[in-house]
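Residue 1 is where the sequence shown starts when you use UniProt numbering, and the numbers rise one by one after that.
The beta carbon of each residue, even a glycine, is placed where N, CA and C say it ideally should be.
Bear in mind the structure is a predicted one, so any value in this text is a computation, not a measurement.
Just below is one structure, and these are the notes that go with it.
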Amino acid sequence: MTTSEIDPKRPALGPATWFGRLAAGLYDAFILLAIWLLLGSVVTFAFGGTPDPRVVQLVCMAAAWALFGYLWTKTGRTLGMQAWHLRLESQTGGLMTWKQATSRFAWMMLFNGGFWLGAILLGTGQVALGGALMVTGLVAFASAYGQPDRRTWYDRASGTRLVRVAKVKST
């Protein structure tokens, strides 16, 4: 399989469902959290105490980008996507390029990060800004629905699509 080919045993069955997209994202979030906890410990140990929080954030974001970028460009599937029989692919049906993966990651962090930052701000009493950020994140996620191809804003911006794939029976 070359870098632009998709596994022929797993043809696309159509756009990802709302539930599948959410479930795969939640699954991947737990895996990412475990990686971030490990990296935070390594960085803390390397600095011999409490490191600058910006260093930890930078290391964690770089690790997330590297993990997702590698998986998206190599197989089109994260562990969460594998569990929920989803695949991320280019608009033409092949594997994503690193440029597309980087674009998708940046747009996802902007919208999804905005949602979670909004939730934190709401908790601190900053209702207007927190609410606006949460609504923006929800609209970005919900932008996939009401359209036949169910692509989110970040799918459109990066030239990608999330599809359901056939289950392969083990022999």
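Within 8 Å, strictly: CB atoms of residue i and residue j
i    : j    : result
A83  : Y27  : yes
F115 : M134 : yes
S103 : S158 : yes
T165 : R87  : In the sequence as presented, Thr is not what sits at residue 165; that position holds Val. Yes, the pair counts as a contact, with Cβ atoms nearer than the cut-off.
G125 : G137 : no
Among the options, nearest to residue i - alpha-carbon criterion
i           : options               : result
G93         : T160, G25, V168, K167 : T160
T17         : W72, V168, L162       : L162
M108        : F68, I120, L121       : F68
residue 183 : G48, H85, K99         : What is shown of the chain runs 1 to 171, which leaves residue 183 out entirely.
Where the alpha helix (DSSP H) containing residue i begins and where it ends
i    : result
V55  : 53-74
R21  : 18-47
T102 : 98-123
Extent of the continuous beta strand (DSSP E) run through residue i
i   : result
L86 : 86-90
For residue i, the residue or residues it bridges with in DSSP
i    : result
V168 : Bridge partners of V168: none, in fact.
T160 : S90
Beta-carbon contacts of residue i that lie in its chain and below 7 Å, excluding the five residues immediately before and after
i    : result
T152 : A140, F141, S143, A144
Cβ-based neighbour list, residue i, same chain, cut-off 6 Å, excluding 5 preceding and 5 following
i   : result
G40 : V56
D52 : none
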